[in-house]
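Colleague: Numbering (my numbering), first residue to last: 2 to 227.
Here it is in structure tokens:
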């Protein structure tokens with residue numbers, strides 16, 4: 002089995018909390034169990050320069066996002082014997098820190114689309130994409146809506162959505178549906194995207210993925226207790 006582990010942060014490149022630790026450690030554990038695994042994260046400005054100097058530029062490609070096409074640079078690096086892909090767009094990720102910007106909805110919609118576009122250009126064809134927290138919640142949705150019927154690589158691709166912190170769900174106003182996400186209003190009003198009159202990226206990932214997990218069995222029980 003081959004797993005592409007998609008996250009918004011991963012040690013040693015980027016960390017703001019527990020997600021970064023898990024995203025750095027779990028792929029190593031999977032590889033030790035002879036699972037083919039690679040990791041993809043954004044190429045943030047705040048990645049240490051010493052790590053940037055170890056990266057190799059692979060190529061660039063364009064990411065369709067509503068009415069626009071955005072540049073994406075693809076870099077590759079090795080850390081702890083695991084291959085990492087880093088997706089670069091200076092407009093979205095050339096900033097201090099990782100989260101808390103007014104356009105986070107657009108930034109991580111771009112990242113989710115870029116992950117799926119990237120698969121066409123790498124020498125690794127995953128069987129599963131493991132998506133993590135709200136920042137990657139659109140990946141299963143975009144896969145089903147835009148990519149599933151392109152070729153066999155996408156047709157057979159499965160998704161796992163893992164909840165690390167349910168407190169942060171990626172909630173945005175409905176006006177991003179067409180202008181940012183590039184989908185029809187019905188995808189919001191009658192589909193995966195809508196929750197509590199907002200676009201909710203975590204809810205979208207939960208409903209669109211093939212499987213849903215949490216960071217631990219204890220947390221799975223905790224989040225089901227009202």
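Quick reminder that beta carbons are idealized off the backbone N, C-alpha and C, glycines included.
1. Are residue 160 and residue 210 touching if we call contact CB-CB under 8 Å?
2. Kindly indicate the opening and closing residues of the beta strand (DSSP E) around residue 77.
3. Does DSSP put residue 111 in a helix, in a strand, or in coil?
4. Confirm, please, whether the CB-CB distance from residue 16 to residue 1 is below 8 Å.
5. Buried or exposed for residue 55, going by 16 or more other Cβ atoms inside 10 Å?
6. Got a sec, what are the start and stop residues for the alpha helix (DSSP H) residue 93 sits in?
7. Are the region 137-157 and the region 85-94 in contact at 8 Å, needing three or more beta carbon pairs?
8. Along the chain, where does the beta strand (DSSP E) containing residue 37 start, and where does it finish?
9. Is the CB-CB distance between residue 146 and residue 184 below 8 Å?
10. Kindly indicate the opening and closing residues of the alpha helix (DSSP H) around residue 48.
11. Answer with buried or exposed for residue 136, where buried requires no fewer than 16 other C-beta atoms within 10 angstroms of its C-beta.
12. Please classify residue 177 as buried or exposed, where buried requires at least 16 neighbouring CB atoms within 10 angstroms.
13. Taking Cβ to Cβ, would you say residue 170 is nearer than 8 Å to residue 195?
Modeller: From the atom records:
1. yes
2. 69-80
3. helix
4. Nothing in the structure corresponds to residue 1, since the chain is present only between 2 and 227.
5. exposed
6. Per DSSP, residue 93 belongs to the alpha helix (DSSP H) from 91-94.
7. no
8. 37-43
9. The beta carbons of residue 146 and residue 184 sit closer together than 8 Å.
10. Element bounds for residue 48: n/a, residue is neither H nor E.
11. So residue 136 counts as buried.
12. buried
13. No. Outside cutoff.
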